[in-house]
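Working notes, beginning with the structure itself.
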Amino acid sequence: MNQLIIYFLLVYFVLFFGVAVIWRNYAVAKSTGINAFKLNKKTGPESITGLYFKFLPLLSVLVFIIYAWLPNSYALLGPIKLLTNNFVQYAGMGVMTIALVWVVAAQAQMGVSWRIGIDHDQKTEFVQRGLFKYSRNPIFVGVIVISLGYFLLLPNPITFTILALDVALIQIQVALEENFLTEQHGKQYIDYCQQVRRWL
């Protein structure tokens with residue numbers, strides 16, 4: 018099972034960063050000339066969430082590296098033995114896989130409007146199609162579910178902290194984005210918020 022987890026996560030991280038981050042940013046830049054990474058705020062709440070988007074994924078990768086190549090050090094992270102079994106770990110892999118497909122689909126539906134962070138310089142299309150008919154924040158829903166799956170796959174205090182920080186900081190980011198979108202799209206966005214749930 019350990020080798021399966023290692024191979025799964027290796028492929029997963031390559032796909033996540035390759036498809037959902039690098040390729041998606043390239044696609045937006047190629048179509049619009051705009052860099053989709055908008056995490057340049059130096060102060061205020063956006064600076065906090067910006068640090069989250071930059072560094073928390075790297076912490077997830079670090080946990081994987083320790084698990085895969087430093088097993089003695091991984092034992093020091095305090096793996097939760099009650100959750101360390103094949104059933105839970107297979108569930109984690111399934112959850113992570115479904116969530117990644119969900120995220121990539123939502124990104125595709127956003128098209129060139131997709132950003133990481135808030136774009137204060139360009140007015141983007143207000144997307145209501147696809148998964149956005151059922152959730153105002155399907156990408157963030159997917160990211161939280163990925164973190165949940167990761168915790169199930171490698172249950173320890175660090176992955177639990179990553180999950181908790183995901184939930185807390187995404188709440189902040191969503192509130193910031195809702196205020197921004199209300200200013201940008203006005204009544205159209207307010208009506209959308211009344212018709213579609215924030216999450217699911």
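Just so we're on the same page, the numbering used here is the position in the sequence shown counted from 1, plus 17. Glycine included, each C-beta is placed from N, C-alpha and C at the ideal position. Fair warning: this is a prediction, and the values are worked out from it, not measured in the lab.
- The criterion of a C-beta distance shorter than 9 angstroms is satisfied by Arg214 and Tyr151.
- Assignment of beta-bridge partners to Ile23 by DSSP yields no partner.
- By the neighbour-count criterion, in which 16 or more other beta carbons inside 10 Å mark a residue as buried, Phe157 falls on the buried side.
- Per DSSP, reduced to three states, the secondary structure at Ile39 is helical.
- Listed in chain order, the beta strand (DSSP E) runs fully inside the segment 85-165 amount to none, counting runs of at least 3 residues.
- Annotated as distal: Ile161 and Leu76, with beta-carbon spacing of 9 angstroms or more.
- Counting C-beta pairs with one atom in each stretch, the segment 60-72 and the segment 131-143 have three or more that are closer than 8 angstroms, which means they touch.
- Within a 10 Å sphere around the beta-carbon of Leu117 sit 16 or more other beta-carbons, which makes this residue buried.
- In its own chain, leaving out the 5 sequence neighbours on each side, no residue places its CB closer than 8 angstroms to the CB of Thr60.
- Rounded to whole angstroms, the gap between the alpha carbons of Val31 and Tyr43 is 16 angstroms.
- By DSSP's assignment, Lys55 forms a beta bridge with Gly134.
- The Cβ neighbour count for Asp183, taken over all protein chains shown within 10 Å, is at least 16; the residue is labelled buried.
- Here the segment 190-199 makes no contact with the segment 47-56; the two share fewer than three CB pairs at distances below 8 angstroms.
- By the Cβ rule, the segment 99-119 counts as touching the segment 23-40, because three or more pairs are nearer than 8 angstroms.
- By the criterion of a C-beta distance shorter than 8 angstroms, Ala123 is surrounded in its chain by Gly147, Leu148, Phe149, Pro155, Ile156, Gly159, once the five residues flanking it on both sides are discounted.
- Using a Cβ distance threshold of 9 angstroms, Leu94 and Asn19 do not count as a contacting pair.
- Under the 10 Å beta carbon count, Val78 is surrounded by fewer than 16 other beta carbons and is classified as exposed.
- Counting the other CB atoms within 10 Å of its CB gives Ala53 a total of 16 or more, which places it among the buried residues.
- Annotation: the continuous alpha helix (DSSP H) that includes Val184 extends over 174-202.
- Distance from the Cα of Gln201 is smallest, within the candidate group Leu180, Trp216, Gln139, Ile163, for Gln139.
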